[in-house]
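Report on one structure; see the data block that follows.
Number of protein chains: 2
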Amino acid sequence: MTANFAGLGHFEGKQPLEMMMSDAPRRRSGGRAGNTRGNRGAIEQMPWRIVENTDRPIEPLTQEGIEAIHEGAMTILEDIGIEFLNTEALAIFKDAGCKVEGEKVFLDRHWVMEMIGKAPSEFTITPRNPAHELTVGGNKLLFGNVSSPPNYWDMELGRKVSGTREKCQDFFKLSQYFNCIHFVGGYPVEPVDVHASIRHLEATYDKLTLTDKAAHTYCLGSERVEDTMEMVRIAGGLSHEEFEAKPHMYTNINSTSPLKHDWPMIDGCLRLARRGQAIFVTPFTLAGAMAPVTMAGAVTQSIAEALCAIALFQYMRPGTPCVIGTFTSNVDMKTGAPAFGTAEYMRATQMTGQMGRFYKLPIRSSGVCAANVPDGQAMWETSNSLWAAVQSGSNVVYHAAGWLEGGLIASPEKFIMDCEVLQLIQRYFEPIITRTAPEDIAIEAIKEVGSSGHFFGVQHTQDRYETAFHQPFISDWRNYEGWELAGGIWTAERASAKYKEIMADYKKPPMDVAIHEELRAFVDRRISEGGAPTDF
Amino acid sequence: MTANFAGLGHFEGKQPLEMMMSDAPRRRSGGRAGNTRGNRGAIEQMPWRIVENTDRPIEPLTQEGIEAIHEGAMTILEDIGIEFLNTEALAIFKDAGCKVEGEKVFLDRHWVMEMIGKAPSEFTITPRNPAHELTVGGNKLLFGNVSSPPNYWDMELGRKVSGTREKCQDFFKLSQYFNCIHFVGGYPVEPVDVHASIRHLEATYDKLTLTDKAAHTYCLGSERVEDTMEMVRIAGGLSHEEFEAKPHMYTNINSTSPLKHDWPMIDGCLRLARRGQAIFVTPFTLAGAMAPVTMAGAVTQSIAEALCAIALFQYMRPGTPCVIGTFTSNVDMKTGAPAFGTAEYMRATQMTGQMGRFYKLPIRSSGVCAANVPDGQAMWETSNSLWAAVQSGSNVVYHAAGWLEGGLIASPEKFIMDCEVLQLIQRYFEPIITRTAPEDIAIEAIKEVGSSGHFFGVQHTQDRYETAFHQPFISDWRNYEGWELAGGIWTAERASAKYKEIMADYKKPPMDVAIHEELRAFVDRRISEGGAPTDF
Numbered sequence: 002m003t004a005n006f007a008g009l010g011h012f013e014g015k016q017p018l019e020m021m022m023s024d025a026p027r028r029r030s031g032g033r034a035g036n037t038r039g040n041r042g043a044i045e046q047m048p049w050r051i052v053e054n055t056d057r058p059i060e061p062l063t064q065e066g067i068e069a070i071h072e073g074a075m076t077i078l079e080d081i082g083i084e085f086l087n088t089e090a091l092a093i094f095k096d097a098g099c100k101v102e103g104e105k106v107f108l109d110r111h112w113v114m115e116m117i118g119k120a121p122s123e124f125t126i127t128p129r130n131p132a133h134e135l136t137v138g139g140n141k142l143l144f145g146n147v148s149s150p151p152n153y154w155d156m157e158l159g160r161k162v163s164g165t166r167e168k169c170q171d172f173f174k175l176s177q178y179f180n181c182i183h184f185v186g187g188y189p190v191e192p193v194d195v196h197a198s199i200r201h202l203e204a205t206y207d208k209l210t211l212t213d214k215a216a217h218t219y220c221l222g223s224e225r226v227e228d229t230m231e232m233v234r235i236a237g238g239l240s241h242e243e244f245e246a247k248p249h250m251y252t253n254i255n256s257t258s259p260l261k262h263d264w265p266m267i268d269g270c271l272r273l274a275r276r277g278q279a280i281f282v283t284p285f286t287l288a289g290a291m292a293p294v295t296m297a298g299a300v301t302q303s304i305a306e307a308l309c310a311i312a313l314f315q316y317m318r319p320g321t322p323c324v325i326g327t328f329t330s331n332v333d334m335k336t337g338a339p340a341f342g343t344a345e346y347m348r349a350t351q352m353t354g355q356m357g358r359f360y361k362l363p364i365r366s367s368g369v370c371a372a373n374v375p376d377g378q379a380m381w382e383t384s385n386s387l388w389a390a391v392q393s394g395s396n397v398v399y400h401a402a403g404w405l406e407g408g409l410i411a412s413p414e415k416f417i418m419d420c421e422v423l424q425l426i427q428r429y430f431e432p433i434i435t436r437t438a439p440e441d442i443a444i445e446a447i448k449e450v451g452s453s454g455h456f457f458g459v460q461h462t463q464d465r466y467e468t469a470f471h472q473p474f475i476s477d478w479r480n481y482e483g484w485e486l487a488g489g490i491w492t493a494e495r496a497s498a499k500y501k502e503i504m505a506d507y508k509k510p511p512m513d514v515a516i517h518e519e520l521r522a523f524v525d526r527r528i529s530e531g532g533a534p535t536d537f
Numbered sequence: 002m003t004a005n006f007a008g009l010g011h012f013e014g015k016q017p018l019e020m021m022m023s024d025a026p027r028r029r030s031g032g033r034a035g036n037t038r039g040n041r042g043a044i045e046q047m048p049w050r051i052v053e054n055t056d057r058p059i060e061p062l063t064q065e066g067i068e069a070i071h072e073g074a075m076t077i078l079e080d081i082g083i084e085f086l087n088t089e090a091l092a093i094f095k096d097a098g099c100k101v102e103g104e105k106v107f108l109d110r111h112w113v114m115e116m117i118g119k120a121p122s123e124f125t126i127t128p129r130n131p132a133h134e135l136t137v138g139g140n141k142l143l144f145g146n147v148s149s150p151p152n153y154w155d156m157e158l159g160r161k162v163s164g165t166r167e168k169c170q171d172f173f174k175l176s177q178y179f180n181c182i183h184f185v186g187g188y189p190v191e192p193v194d195v196h197a198s199i200r201h202l203e204a205t206y207d208k209l210t211l212t213d214k215a216a217h218t219y220c221l222g223s224e225r226v227e228d229t230m231e232m233v234r235i236a237g238g239l240s241h242e243e244f245e246a247k248p249h250m251y252t253n254i255n256s257t258s259p260l261k262h263d264w265p266m267i268d269g270c271l272r273l274a275r276r277g278q279a280i281f282v283t284p285f286t287l288a289g290a291m292a293p294v295t296m297a298g299a300v301t302q303s304i305a306e307a308l309c310a311i312a313l314f315q316y317m318r319p320g321t322p323c324v325i326g327t328f329t330s331n332v333d334m335k336t337g338a339p340a341f342g343t344a345e346y347m348r349a350t351q352m353t354g355q356m357g358r359f360y361k362l363p364i365r366s367s368g369v370c371a372a373n374v375p376d377g378q379a380m381w382e383t384s385n386s387l388w389a390a391v392q393s394g395s396n397v398v399y400h401a402a403g404w405l406e407g408g409l410i411a412s413p414e415k416f417i418m419d420c421e422v423l424q425l426i427q428r429y430f431e432p433i434i435t436r437t438a439p440e441d442i443a444i445e446a447i448k449e450v451g452s453s454g455h456f457f458g459v460q461h462t463q464d465r466y467e468t469a470f471h472q473p474f475i476s477d478w479r480n481y482e483g484w485e486l487a488g489g490i491w492t493a494e495r496a497s498a499k500y501k502e503i504m505a506d507y508k509k510p511p512m513d514v515a516i517h518e519e520l521r522a523f524v525d526r527r528i529s530e531g532g533a534p535t536d537f
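In the order they appear, the protein sequences are chains A and B.
Count the first sequence with our numbering and you get residues 2 to 537, in order.
Count the second sequence with our numbering and you get residues 2 to 537, in order.
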């Protein structure tokens, strides 16, 4: 080894530094970078902050490419038409003078663009805790928990099981605990042990009591949507007027690709739009399956499916806060299984980001993977989709923590590993890292150390070492021997242990007793009434 | 589950597609996306191709920031000075009229910029197989194998052991096998079982016979450098004139930060420069350890350390092909352990990329991590460093496959997992993904499918499904049940199995018998002469 390291010139790695550490000042072994930031407890995490994406987006499309996709989307809306399986929507389109044949709607491009022009490019969503108010649009970057997996997997269990209310509650706690999670999507795992007729009542009750962040409603029938809106209103201590004055919640719908919008999605959106709440429209266009095998074709279809719905909402209530979403990816043409975090997925996300800016609409993408367990593949696929979200200029990132098996599994270990990456992205956008003021260039410190010694001891370092670098909470930076001595634990196992600590450390956000009583009373009354029909 | 999926609107994931698959045409279950591309055998990999990075770089520095770092670097060179522990270099600096005090050199900024201006912004490196010639610079993106870990780790072994010649040979085979690996760095793992005096002879013999890609020499003493150059010349069947006519190999040196260049590195570079070979200068500036704790300060010091060496080589031989490298990262201030793939690392890489373009020099960065095993942390850290390399506009990416424990461990599983990510990056830059010609927008196919059915069966899909999407070789895209049925194997274990298949599939590149005899005879003679001194 001596021979190997004496000529440092051919070495790049830990050894030289560790050799130097021997005479590093003891002071250094003090505090942690996190000490002065975020909360104490199971982990030292970054503070709540709405990330500002200051990077120029990656834009693979030329101006001609943008025009070609826009032209394609307009041609779909004008000549091919979109099915709306919703009589109210059809009536509204007729009222607007659009051509309607049966359930198929044909939209003039000028009307579509006029309507899209009425949508705000930026808006806020104010949850029951105003400190967690969100700004959606501009250069803001928001992360949400995984939504809607029917199944659950964790390391201890080691197998896939159906979601339960208890597990769903645990994910709500994680979503509240992590400052890097800005909003709470749908059910992080489906509580299938709660009957479908009352599931929305109990799950929304859990969400609104275990978290105080912006909540979501599924569009699964009028009663569910109305119940959820009422519960969000009650939880926020709002009058009906106050609730409708600005967005306090949101929904997300997928179109039923190709070229179809289903009844409950549109019905729910119309109900939210009427009451001034926010709507994300996210076509689910898998290239080669429910969309063309070419990525540009899949993006074009996705844009058309999104725009027609957003145009509908803008006509009905101009200024309805809307987000255009992307869920375009490729499939494994051998098996038809969807792939996520692929090169094709990344480019489709970036292309949709360009189109979203073209239409001046906020953009939503996702943090997704096809992997079945929180292993290497899960993390490179998820990293790819998260960085694509950043590069695309997305404003809202769904499923950013906890997603496995293409959305069929929610996992607490994956949730915790993803939050480590989300904090890294949050840190990545902190200006301190790239600041170039004289004290950052640090000529005096460089002169002080000169050509020998090191920077551990100098005042310039001592003044900054506690906050100079982001301190991760699940990464293990020890050398192999130190890591082995500590049990030689792989990341997913470390996340499993950390998960228990975090659960023990979770604190329920306060809720006014009277509000809680009113909320619970509403839930109990609706349950006694039988909840919502399950005839869907 | 019916309740869960009938209302597709709140679901995003695999299920709907798998439901659709039942009536997908049987034709689809045919060939693989890779069939028409790359070689057959253990895996279907992407073809050899020099990636063109068509994305606009991410540039966190403002123009003022670039000027501040440049001003800082120039101030270091002019006022603080750099130590060159090399008498020949000191004589050359004196000859150039630079101020030299003992071993410390002070360089006038105008002279430095004049010299840097002589370096080519783009050049080629031609290995013994001209088909593997490299273009370095411009928007070209090249990947190389891990270099220099003293230790080896694999899944079967499950522990860290010293590198051996046999393991080193295995990595040479992997480096030759994978088309996404463009050049062969130093020893992928140190063959410590070969005596240091003859290690360079046997290891370079192995490299030149087991691979035909661009090779590297360590600067670890005059004899080693001269021996390696001679062996590359012989392996290429080149006359001395032909060898010196253009670059056929390269070296990489680290400065001995802070502000010092060691004897063997400079000696080796001068020897390569005299014979027209390529030089990468990569300061190893860990912020808070051998460089300022501020990232801008660490980058500034790194730039100064690189520029003075490149200026030296340009004065001695104008036009010497040089690359400016970055190896700036942060440390864990609790333990002093270096961190890789962090937010600070990514920004430092992007900042150095901006400075490299400012100086019109090709840029080198790395694919690195701090993780000790090929787990989730290893893959998010490595993904971050690889994407930072892409975003920085780097031309050469060192350690792009196989690196663990901050460079102290080489792992075949990590190598294979990294190559999956490298292929994904290669695919990411294929124009077909973002093409927007009429057949890509696919209006006719969208019209044909309309609002019902799917795209599996249509001609537009049938004409393209085999090549529409990249086919990975180690990712598992099956659903959980299919994955479980196949053994429920995590990524690193899959890579371990694939590693054996690849080894069995490896084919030694042809070498002319006479050339091989000459090469072996040279090695045997130099061994009989005792090889190189080990008094370093």
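The beta-carbon is built from N, C-alpha and C at its ideal position, and this holds for glycine as well.
For Gly-357/B, which option in Gly-159/B, Gly-73/B and Ile-117/B has the closest C-alpha, if you only look at C-alpha atoms?
Ile-117/B
Thinking Leu-239/B and Val-397/B are a contact (beta carbons under 8 Å), I'd like their distance in whole angstroms, please.
At roughly 23 Å, the Cβ-Cβ gap does not stay under 8 Å, so Leu-239/B and Val-397/B are not in contact.
Is there a Cβ from chain A that is less than 8 Å from the Cβ of Thr-136/B?
no
Whole-angstrom C-beta distance between Thr-252/A and Thr-218/A, which should lie under 8 Å:
5 Å
Can you name, in chain order, every residue of its own chain whose Cβ lies under 6 Å from the Cβ of Val-524/A, other than the five neighbours on each side?
Leu-202 and Tyr-206
By the 10 Å Cβ neighbour count, where 16 or more other Cβ atoms means buried, how is Lys-499/A classified, buried or exposed?
buried
Can you give the Cα-Cα distance for Ala-443/B and Leu-209/A, rounded to whole angstroms?
45 Å
Have a look at Thr-321/A and Glu-245/A and give me their C-alpha separation to the nearest angstrom.
11 Å
What are the residues that DSSP puts in a beta bridge with Ala-299/B?
Listed as beta-bridge partners of Ala-299/B by DSSP are no residues whatsoever.
So, helix, strand or coil for Leu-287/A, using DSSP?
DSSP places Leu-287/A in strand when its eight states are reduced to three.
What are the complete beta strand (DSSP E) segments, minimum 3 residues, inside the segment 123 to 198 of chain A?
123 to 126, 135 to 138, 141 to 146, 152 to 154 and 161 to 163
Pull up the DSSP beta-bridge partners for Gly-326/A, would you.
Arg-365/A
Bridge partners of Pro-339/B, per DSSP?
Val-332/B
Mapping DSSP to helix, strand and coil, what is Ile-44/B?
coil
Three-state secondary structure assigned by DSSP to Lys-247/A:
Of the three classes helix, strand and coil, the one that applies to Lys-247/A here is coil, per DSSP.
Looking only at C-alpha atoms, which of Pro-284/A, Pro-439/A and Val-137/A sits nearest to Gly-394/A?
Val-137/A
Counting only the same chain and skipping the five closest in sequence on each side, list residues whose C-beta sits under 8 Å from that of Phe-359/A.
Ile-67 and His-71
Kindly say whether Met-334/A, judged by its beta-carbon, lies nearer than 8 Å to any beta-carbon of chain B.
yes
Along the segment 438 to 455 of chain B, where does the CB come closer than 9 Å to a CB of chain A? Name the residues.
Ala-438, Pro-439, Glu-440, Asp-441, Ile-442, Ala-443, Ile-444, Ala-446, Ile-447, Lys-448, Val-450, Gly-451, Ser-452, Ser-453, Gly-454 and His-455
Cβ-Cβ distance between Asp-441/A and Gly-298/B below 8 Å:
Contact flag set, yes.
Would you mind stating whether Gly-407/B and Ala-371/B have Cβ atoms separated by less than 8 Å?
yes
Inter-stretch contact (C-beta, 8 Å, three-pair minimum) for the segment 214 to 231 of chain B and the segment 260 to 279 of chain B:
yes
The segment 464 to 492 of chain B: which residues have C-beta closer than 9 Å to a C-beta of chain A, in chain order?
Asp-464, Arg-465, Tyr-466, Glu-467, Ala-469, Phe-470, His-471, Gln-472, Pro-473, Ile-475, Ser-476, Asp-477, Trp-478, Arg-479, Asn-480, Tyr-481, Glu-482, Gly-483, Trp-484, Glu-485, Gly-489, Trp-491 and Thr-492
Beta-carbon separation (whole angstroms), Lys-261/A vs Ile-81/A, contact threshold 8 Å
About 12 Å separates the beta carbons of Lys-261/A and Ile-81/A, which is beyond the 8 Å limit, so they are not a contact pair.
Between Arg-57/A and Gln-427/A, is the Cβ-Cβ spacing less than 8 Å?
no
Any C-beta of chain B sitting closer than 8 Å to the C-beta of Glu-406/A?
With 8 Å as the cut-off, Glu-406/A counts as an interface residue toward chain B.
Inter-residue CB distance, His-461/B and Pro-293/A (contact presumed, cutoff 8 Å)
6 Å
Does any residue of chain B have a CB that is nearer than 8 Å to the CB of Val-398/A?
no
Kindly list the residues whose CB is nearer than 7 Å to the CB of Glu-494/B, restricted to its own chain and excluding five residues on each side of it in sequence; keep chain order.
Met-156
Label His-249/B either buried or exposed according to how many other C-beta atoms from any shown protein chain fall within 10 Å of its C-beta, with 16 as the threshold for buried.
buried
Just to make sure I have the definition right: I need the residues of chain A whose C-beta is within less than 9 Å of the C-beta of Ile-77/B. Which are they?
Ile-444, Ile-447 and Lys-448
For the segment 291 to 316 of chain A, which residues have a CB atom closer than 7 Å to at least one CB atom of chain B, in sequence order?
Met-291, Ala-292, Pro-293, Val-294, Thr-295, Met-296, Ala-297, Gly-298, Thr-301 and Gln-302
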